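Asks: Okay, here's the structure, questions in a sec.
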Amino acid sequence: MAEVVLERVTKVFEGNVVAVNALDLVIRDREFVVLVGPSGCGKSTTLRMVAGLEETTEGVIRIGDRVVNRVAPKDRDIAMVFQNYALYPHMSVYRNLAFGLSLRRTPKAEIDRRVREAASILGIEPLLGRKPRALSGGQRQRVAVGRAIVRQPAAFLFDEPLSNLDAKLRVEMRAELKRLHHRLQTTTLYVTHDQEEAMTLGDRIVVMKDGIVQQVGGPLDVYNRPVNRFVAGFLGTPPMNFFAGKLVRRGDGLWFDEGSGAFRLSAAQAEAVGEWAGREAVLGVRPEAMSLSAEGRFAGSDNALPVRLGVVEPLGEKMDLYASTQRHPHIVARVDAAEGLSGGRDAELRIDLSRVHVFAPGEQGENLSVPDGRA
Amino acid sequence: MNKRFPQPAVFGFLLPNFLGFLVFTLLPIGLSLYMAFTNWSLRPQVGLEFVGLRNFQRLLGIRQVAAAPQIPAGWYILAGVVLLAGLVGYLWANVAHWAGTKIGGTVMAAVGVVTVSASAATAPSQGLILAGLIALVCGLASMLSGRSPHVAAQREGNAWRPGAGTIPALLVAAAALVLWRTNAAVWSAHAPRDERFWQYFYNTVYLMLGIPVSILGSLGLALLLSNALPTGSAGRRMGGAALCLLGGGVTLALMWLGGMPDLGVVGGLLWLMAALGLAFNVVSFRTIYYLPTFTAGVALMILWKAIYNTKTGPINVAIAALGDWLGFSWAGPNWLGSTAWAKPSLMIMGVWTAIGGTNMLLYLAALSNVPQDLLDAAEVDGAGRWARFRHVVWPQLAPTTFFISVMSIIGGLQGGFEQARVMTQGGPAGSTTTLSYYVYLKLFQDLDLGYASAISWILFAFIFVATILNWRFGKGLEVEL
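From first to last, the protein sequence lines are chains A and B.
Counting from 1, one number per residue, gives the positions in the first sequence under the numbering used here.
Counting from 1, one number per residue, gives the positions in the second sequence under the numbering used here.
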């Protein structure tokens with residue numbers, strides 16, 4: 001059990017490619033932190049630096065109260081699980097689990113006890129005598145996790161451990177990893193490109209892009225209060241809709257003019273973004289913040305967006321509508337399912353204006369409606 | 001369209017290949033098999049006759065040279081049964097991963113060492129020495145093939161049977177001893193009919209002892225050359241290479257003017273290699289080590305003949321010069337001219353040729369296929385360089401090692417012809433004649449085509465059996481090393 005601290009950690013690869021840029025992060029003791037971001041964002045490099053498999057160009061990494069920059073991976077007291085399991089193919093499951101312990105000259109009886117304990121936690125006892133090639137993907141991943149927990153390290157490092165599994169198995173293993181963390185309470189750093197995995201697993205998630213941390217926070221915190229347009233678009237499926245437009249003052253209210261429709265922002269938001277009045281901005285609306293009905297939180301006359309419906313995807317309770325306006329050809333709304341709705345006709349989408357975000361223009365425009373968005 | 005049976009046109013496309021195989025491969029093979037059963041000779045006065053198995057009898061048979069003692073047949077049968085039981089049990093013990101082979105093997109090896117040294121110290125009784133040697137070999141074999149205890153620990157019930165796996169080895173030792181005691185007199189009363197064949201077979205196998213060395217060497221080179229050398233930025237590398245070229249030129253010129261052109265050339269070449277290494281990194285060394293393989297073999301042998309020359313060869317010149325310098329009067333060995341040094345000389349040359357050859361390329365390819373994740377996982381698990389090699393890299397290389405071993409053994413059994421023909425004429429005293437050169441001698445010296453064919457077919461049988469044994473037992477053992 002230990003705290004893992006990264007201070008101004010930077011990795012520059014040959015040819016001056018900056019993979020990770022001045023990353024600051026504190027993973028508290030017993031915490032499960034997920035690094036998430038698109039491929040090439042530096043999340044795996046960060047993890048490998050913590051593991052000691054990559055050298056740190058600049059900055060300090062501490063595990064517990066030790067600076068480990070110059071410590072070999074085997075002496076860092078960490079265990080790592082790899083994307084393609086990385087099981088030793090010629091060793092039985094038992095030897096795979098015991099390998100790290102026997103290299104550390106642990107007594108045989110102790111190895112046996114720990115291997116069996118890890119195997120029973122993961123339910124792989126019947127597989128101990130088998131070779132990895134005789135196991136299914138899910139079983140292999142269990143063994144890989146077992147190899148990590150058998151060592152009882154100060155921290156676990158996971159490098160996209162579920163991405164080689166099929167969808168059903170991935171959900172199962174996800175729940176299992178969460179249970180495991182509840183049980184073992186080991187500090188964990190977990191890397192994934194799958195935002196859903198990140199949201200479900202992490203106590204806190206760290207969204208990265210181009211080697212720079214965009215936002216750190218609890219899953220719902222980041223989801224509900226994304227600091228910029230990248231974070232807002234990265235988390236959530238279907239992704240958030242972005243409407244380019246203009247903030248205008250009309251009468252006593254602040255309105256967002258989309259072109260084919262205009263929406264009156266809530267009083268709180270009007271106050272937060274008031275100084276941007278009269279300038280270009282981007283309105284972010286999550287698919288589930290839109291509806292076809294005009295009741296409840298969607299009620300009102302100043303929140304209607306006339307659209308033409310495209311594809312309709314019924315999901316059961318909900319349905320996804322793909323719609324377009326003159327200026328925005330790709331709009332997705334997740335609305336209550338209604339039978340008999342078909343594409344190709346005009347409709348009015350209502351927007352829950354208490355849940356929209358106003359971003360500064362540009363791909364990474366900051367969230368103007370979140371108080372610390374500009375920090 | 002009938003999908004199951006190909007159209008006649010398909011056979012038409014296959015026909016040229018098939019005809020070529022028929023005419024140039026199958027026909028000669030069949031012909032040589034037939035010849036092996038005839039007295040076919042190139043001497044015009046010998047008429048072609050079918051002689052049945054006579055060639056093979058001459059080749060493999062034994063003849064009586066003295067009065068043989070009478071031995072009860074029961075002894076042979078007993079020894080044979082025990083030997084068979086031991087061999088079967090030995091294979092079984094390994095396949096079944098019997099526990100305890102290591103402890104038992106250690107005990108037996110110790111017994112062997114004690115017996116050998118005791119009998120050698122008191123009276124050099126051959127029987128005791130032989131028994132000790134057999135115990136030693138069996139002990140070492142069961143020790144090496146025994147599985148380590150953590151496999152035993154995971155088995156149900158934690159069964160630990162000390163020495164259980166050694167019993168078969170013990171049986172083999174006992175049978176061998178009985179056979180030796182009963183058979184010694186019979187053995188000395190008989191001799192093989194074609195003693196040269198067995199001598200040349202021994203030569204062939206002896207020369208093959210260089211194979212493990214060259215395989216290990218290839219692996220070592222591949223490990224050295226698999227990662228790029230840290231040579232710095234492009235500008236620094238090119239600058240360094242230019243400096244090395246300059247250094248080579250200066251060395252050559254100075255040595256030449258100083259009256260030592262040979263040393264100048266050698267020094268200049270070393271500088272050139274350094275320059276190439278800086279400019280092209282490991283690629284240049286891979287190419288240099290591969291040079292012997294794409295050079296004509298005969299040319300290399302002529303070169304080595306010059307190197308081994310007793311008077312003017314650089315090795316003996318260097319030895320003599322070193323002796324002079326130290327104040328001794330040293331003379332190098334008579335490399336290719338003595339029965340003691342001829343075989344080692346050929347082996348050294350063979351290792352030199354093979355070490356950077358195709359085997360190195362195969363190992364380089366296999367090394368680049370070792371998944372980086374496995375190495376990373378082992379590093380995190382706590383494996384140092386050696387442990388990573390032993391537990392991750394070496395097992396991953398096992399298929400390559402197996403393939404290389406099989407091909408080398410086949411090549412070794414077939415080999416030795418060019419060396420004998422170009423360098424030693426099979427001498428001195430037949431010490432470098434291999435089976436393939438024997439085939440040649442029988443054919444072109446004795447003009448005895450039938451007998452030469454018979455030797456070829458026996459050689460084929462040896463290779464075939466060796467390869468089958470390799471396939472059957474080689475694969476499993478490699479991975480566990």
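Ideal placement from N, C-alpha and C gives every residue a C-beta, glycine not left out.
Nothing here was measured: the structure is a model prediction, and the numbers come from that model.
What residues of chain B sit near A:M80, judged by a beta carbon separation below 8 Å?
Replies: By 1-based counting over the first sequence, the position of residue 80 of chain A is 80. By Cβ distance, chain B contributes D376, A377, V380.
Asks: Would you report the Cα separation of A:E3 and A:L101, rounded to the nearest angstrom?
Replies: Looking up residue 3 of chain A in the first sequence gives position 3. Looking up residue 101 of chain A in the first sequence gives position 101. Their Cα atoms are separated by approximately 23 Å.
Asks: By the 8 Å beta-carbon criterion, what residues does the stretch 354-371 of chain B contribute toward chain A?
Replies: Within the stretch 354-371 of chain B, the residues whose Cβ lies closer than 8 Å to some Cβ of chain A are P371, listed in chain order.
Asks: Check the Cβ of B:H391 against every Cβ in chain A and list those closer than 9 Å, keeping chain order.
Replies: Here residue 391 of chain B corresponds to residue number 391 of the second sequence, with the count starting at 1. Those within 9 Å of B:H391 in chain A are Y88, H90, M91, F99, L103.
Asks: By the DSSP assignment, the alpha helix (DSSP H) with A:A267 in it spans what residues?
Replies: Counting from one through the first sequence, the residue named residue 267 of chain A turns up at place 267. Here the alpha helix (DSSP H) through A:A267 covers 267-272.
Asks: In this structure, what does DSSP give as the bridge partners for B:M347?
Replies: Working through the second sequence from its first residue, we reach residue 347 of chain B at position 347. B:M347 pairs with nothing; no bridge assigned.
Asks: List the residues of chain B that A:P73 touches, going by C-beta distances under 7 Å, in chain order.
Replies: Position 73 of the first sequence holds residue 73 of chain A. Near A:P73 (Cβ distances below 7 Å), the residues of chain B are E379, V380.
Asks: For B:A466, report the span of its alpha helix (DSSP H) as first-last.
Replies: Position 466 of the second sequence holds residue 466 of chain B. Element bounds for B:A466: 449-469.
Asks: Kindly say whether B:D448, judged by its beta-carbon, lies nearer than 8 Å to any beta-carbon of chain A.
Replies: To locate residue 448 of chain B, count along the second sequence from 1; it is residue 448. Closer than 8 Å: no.
Asks: I'd like to check one pair, A:L305 with A:V356: are the Cβ atoms closer than 8 Å?
Replies: On the first sequence, residue 356 of chain A is found 356 positions in, with the first residue counted as 1. On the first sequence, residue 305 of chain A is found 305 positions in, with the first residue counted as 1. Contact: no.
Asks: Going by other Cβ atoms of all chains shown within 10 Å of its Cβ, with 16 needed for buried, is B:N158 buried or exposed?
Replies: As a position in the second sequence, residue 158 of chain B is number 158, starting the count at 1. Confidence is the limiting factor: at B:N158 the pLDDT is only 41, short of 50, which leaves the residue's position unreliable, though a coordinate-based value still follows. Exposed, by the Cβ-count rule.
Asks: Does DSSP put B:N158 in a helix, in a strand, or in coil?
Replies: What you label residue 158 of chain B is simply residue 158 of the second sequence in a count that begins at 1. Because the pLDDT of B:N158 is 41, which lies under 50, any placement of that residue in the model is unreliable, and the number read from its coordinates should be weighed accordingly. If DSSP states are grouped into helix, strand and coil, B:N158 belongs with the helices.
Asks: May I ask which residues mark the beginning and end of the beta strand (DSSP E) holding A:S324?
Replies: As a position in the first sequence, residue 324 of chain A is number 324, starting the count at 1. Element bounds for A:S324: 318-324.
Asks: Counting C-beta neighbours from all protein chains within 10 Å, is the total for A:D221 16 or more, i.e. buried, or is it exposed?
Replies: The residue you call residue 221 of chain A lines up with position 221 of the first sequence. When all chains shown are included, A:D221 counts as exposed.
Asks: If you draw a straight line from the C-alpha of A:I351 to the C-alpha of A:M290, how long is it?
Replies: One-based indexing of the first sequence puts residue 351 of chain A at position 351. One-based indexing of the first sequence puts residue 290 of chain A at position 290. Whole-angstrom Cα-Cα distance: 5 Å.
Asks: By DSSP, does A:E3 sit in helix, in strand, or in coil?
Replies: For the purposes of this step, residue 3 of chain A is taken as residue 3 along the first sequence, with counting starting at 1. A:E3: coil per DSSP, three-state reduction.
Asks: In chain B, which residues lie less than 8 Å from A:L53 when you measure between Cβ atoms?
Replies: Taking the first sequence and counting its residues from 1, one reaches residue 53 of chain A at position 53. Neighbours of A:L53 on chain B, chain order: D376, E379, V380.
Asks: Cβ atoms of A:H193 and A:E172: under 8 Å apart, would you say?
Replies: Here residue 172 of chain A refers to the residue found at position 172 when the first sequence is read from its first residue. Here residue 193 of chain A refers to the residue found at position 193 when the first sequence is read from its first residue. In this structure, A:H193 does not lie closer than 8 Å to A:E172 by Cβ.
Asks: Residues of chain B with a CB under 8 Å from the CB of A:N84: which are they?
Replies: Your numbering for residue 84 of chain A matches position 84 in the first sequence. In chain order: P371, D373.
Asks: By DSSP, does A:V18 sit in helix, in strand, or in coil?
Replies: Numbered from its first residue, the first sequence carries residue 18 of chain A at position 18. Strand at A:V18.
Asks: Between which two residues does the alpha helix (DSSP H) containing B:I211 stretch?
Replies: Here residue 211 of chain B refers to the residue found at position 211 of the second sequence. Per DSSP, B:I211 belongs to the alpha helix (DSSP H) from 210-225.
Asks: Buried or exposed: which applies to A:K168, given that a residue is buried once 16 or more other Cβ atoms fall within 10 Å of its Cβ?
Replies: As a first step, residue 168 of chain A must be located in the first sequence, where it is residue number 168. So A:K168 counts as exposed.
Asks: Does the structure place the stretch 201-212 of chain A close enough to the stretch 223-238 of chain A that three or more beta carbon pairs sit under 8 Å?
Replies: Taking 8 Å as the limit for Cβ pairs, the verdict is that the stretch 201-212 of chain A does touch the stretch 223-238 of chain A.
Asks: Helix, strand or coil for B:L374? Go by DSSP, reduced to three states.
Replies: Within the second sequence, residue 374 of chain B is the residue found at index 374, counting from 1. If DSSP states are grouped into helix, strand and coil, B:L374 belongs with the helices.
Asks: From the DSSP secondary-structure annotation, give me the bridge partner or partners of A:S291.
Replies: Counting from one through the first sequence, the residue named residue 291 of chain A turns up at place 291. A:R350.
Asks: Using the beta-carbon count (16 or more within 10 Å), is B:F18 buried or exposed?
Replies: The residue given as residue 18 of chain B occupies position 18 in the second sequence. The residue in question, B:F18, is exposed, as its Cβ has fewer than 16 Cβ neighbours within 10 Å.
Asks: Can you check whether the CB of A:G146 is closer than 8 Å to the CB of A:L122?
Replies: Here residue 122 of chain A refers to the residue found at position 122 of the first sequence. Here residue 146 of chain A refers to the residue found at position 146 of the first sequence. Closer than 8 Å, so yes.
Asks: Since B:P395 meets chain A, which of its residues come closer than 9 Å, beta carbon to beta carbon?
Replies: Locating residue 395 of chain B in the second sequence gives position 395, where the first residue counts as 1. Those are Y88, P89, H90, M91, listed as they occur along chain A.
Asks: Alpha helix (DSSP H) containing A:F99: first to last residue?
Replies: As a working mapping, residue 99 of chain A is identified with position 99 in the first sequence. From DSSP, the alpha helix (DSSP H) with A:F99 extends over 93-103.
Asks: Can you confirm whether B:A228, when its beta carbon is compared against all beta carbons of chain A, has any partner nearer than 8 Å?
Replies: By 1-based counting over the second sequence, the position of residue 228 of chain B is 228. Cβ-Cβ to chain A under 8 Å: no for B:A228.
Asks: Which residues mark the beginning and the end of the beta strand (DSSP E) in which B:N39 is found?
Replies: On the second sequence, position 39 is the one that residue 39 of chain B refers to. Careful: B:N39 lies outside any beta strand (DSSP E) and carries neither H nor E.
Asks: Report back the beta-carbon spacing between B:Y545 and B:G356 to the nearest angstrom; my notes put them in contact at under 8 Å.
Replies: Because chain B in this structure spans residues 1 to 481, residue 545 of chain B falls outside the shown range and cannot be described.
Asks: Short of 8 Å in beta carbon distance, which residues of its chain neighbour A:G217, apart from the five on each side in sequence? Order them along the chain.
Replies: On the first sequence, position 217 is the one that residue 217 of chain A refers to. Answer for A:G217: R204, I205, R225, listed in chain order.
Asks: Here's the rule I'm using: 16 or more other beta-carbon atoms within 10 Å means buried, otherwise exposed. How should A:V335 be labelled?
Replies: By one-based count along the first sequence, residue 335 of chain A stands at place 335. By the 10 Å Cβ count, A:V335 comes out buried.
Asks: Helix, strand or coil for B:L53 per DSSP?
Replies: What you label residue 53 of chain B is simply residue 53 of the second sequence in a count that begins at 1. B:L53 falls in the coil class under three-state DSSP.
Asks: Residues of chain A with CB under 9 Å from B:A383, in chain order?
Replies: Against the second sequence, residue 383 of chain B aligns to sequence position 383. Under the 9 Å cutoff, chain A gives K74, F99, G100, L103.
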